[in-house]
Amino acid sequence: MIFADTSGLIALFNPKDDCHNAAVEWFKKNRPKLILTDYIVDELLVLAISRADKQFALTISKRIPIPGEHQKNYRRRFL
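Quick note on numbering: my numbering labels position 47 of the sequence shown as 181, and the sequence is numbered without any gaps.
In structure tokens, the structure reads:
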């Protein structure tokens with residue numbers, strides 16, 4: 135298990151990121167179980183909105199492990 139880092143997750147999900155290919159390869163090779171804190175999820179979604187748009191943030195929110203009871207809260211707050 136590893137603590138997720140916002141920059142690594144943005145690189146993973148954003149094909150335009152300079153580190154996208156490296157992030158995809160690393161995640162494929164290592165298949166880590168991620169530990170996400172509320173702070174990291176908040177930062178990730180805010181950064182996704184600022185670098186792209188709300189649709190990009192929504193796509194990410196559906197692909198990361200956010201407990202079900204928090205999914206609605208994040209979508210309501212950010213999207």
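Positions of the beta carbon are idealized from the N, C-alpha and C atoms, including for glycine.
- For the 8 Å CB-CB criterion, Pro-199 and Leu-178 do not form a contact.
- Under the three-state reduction of DSSP output, Ile-136 falls in the strand class.
- Looking from the CA of Ser-141, the closest CA among Asp-172, Gln-189 and Leu-181 belongs to Leu-181.
- Taking all protein chains shown into account, Ala-145 has 16 or more neighbouring C-beta atoms within 10 Å of its C-beta and is therefore buried.
- Within 10 angstroms of the beta-carbon of Phe-147 lie 16 or more other beta-carbons, which makes it buried.
- The beta carbons of Ile-194 and Ala-138 sit no closer together than 8 Å.
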